[in-house]
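The sequence shown begins at 0 in numbering that gives the first Met the number 0 and counts up one residue at a time.
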Amino acid sequence: MRSYGRLGLTLAAGCVVSAAFAWLVLGRMDLQVLAAGLGRADGRVLLLAFGCQLLGLACLGWRARILLAPLSSLTFSLATRGQLLGLTVNNVLPFRVGELAKADYFARHASLPRSSTVAAAAVERVLDLLCLAGVLAMVAPIALPRFEHVSALS
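Written out as structure tokens, the structure reads:
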């Protein structure tokens, strides 16, 4: 029974924080302009974007399972929830605090040492950096010749 009370409190706190941020954002907008813009949005594109986000979250969960596999056998659900928690906290709090929240979540729910989960989060950031560098290396030869002042970059 206690866990349901804690879950309810967590959901209520999340709703209050979400409502506060929505009020901060929407309070300054002309809601008629917003409604007109949303009416022109292509639902298929929004659905595709949502699907891509879910696929990306699933890939992050899969990556967390692989990185922490030598220490514990995380379920896909637990790994994905930890990633979602980290992403959510990173969106709300500064300084990538979500990485620490994710590491703490994994440590508590999978009985792992916190040092190992923090190290796994650091490895994830290094892998992200390598992927971005790889994308930049593939795109730069295509994109740079289109700029007029490419010589200024060298």
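For each residue, glycine too, the CB sits at the ideal point set by N, CA and C.
Keep in mind the model is a prediction, meaning the values are calculated, not measured.
CB contact flag (residue i, residue j, <8 Å)
i            : j           : result
glutamine 82 : leucine 67  : no
serine 110   : serine 71   : yes
glutamate 98 : alanine 132 : no
Simplified DSSP assignment, three categories, for residue i
i                : result
glycine 81       : helix
methionine 0     : Because methionine 0 carries a pLDDT of 46, less than 50, the predicted location of this residue cannot be relied on, and no value is offered for it.
proline 93       : coil
glycine 26       : coil
leucine 73       : coil
glutamate 98     : helix
phenylalanine 20 : helix
aspartate 103    : helix
histidine 49     : Position check: residue 49 holds phenylalanine in this sequence, whereas histidine was assumed. In this structure, phenylalanine 49 counts as helix in the three-state DSSP scheme.
Distance between beta carbons of residue j and residue i, contact taken as under 8 Å
i             : j           : result
leucine 229   : alanine 100 : No statement about residue 229 is possible, as the shown extent of the chain runs from 0 to 153 and does not include it.
threonine 79  : alanine 57  : 7 Å
histidine 108 : leucine 86  : 17 Å between Cβ atoms; not a contact.
Boundaries (first-last residue) of the alpha helix (DSSP H) holding residue i
i          : result
serine 114 : 113-142
serine 68  : Rather than serine, the amino acid found at residue 68 in this sequence is alanine. No alpha helix (DSSP H) contains alanine 68, which DSSP labels as neither H nor E.
Any non-hydrogen atom of the ligand HEM within 7 Å of residue i CB
i                : result
phenylalanine 20 : Of the ligands one can find in the structure shown there are none, so the ligand HEM has no counterpart to examine.
Give a yes or no on contact between the region 127-145 and the region 108-119, applying the rule of three or more CB pairs nearer than 8 Å.
-> The region 127-145 vs the region 108-119: no contact.
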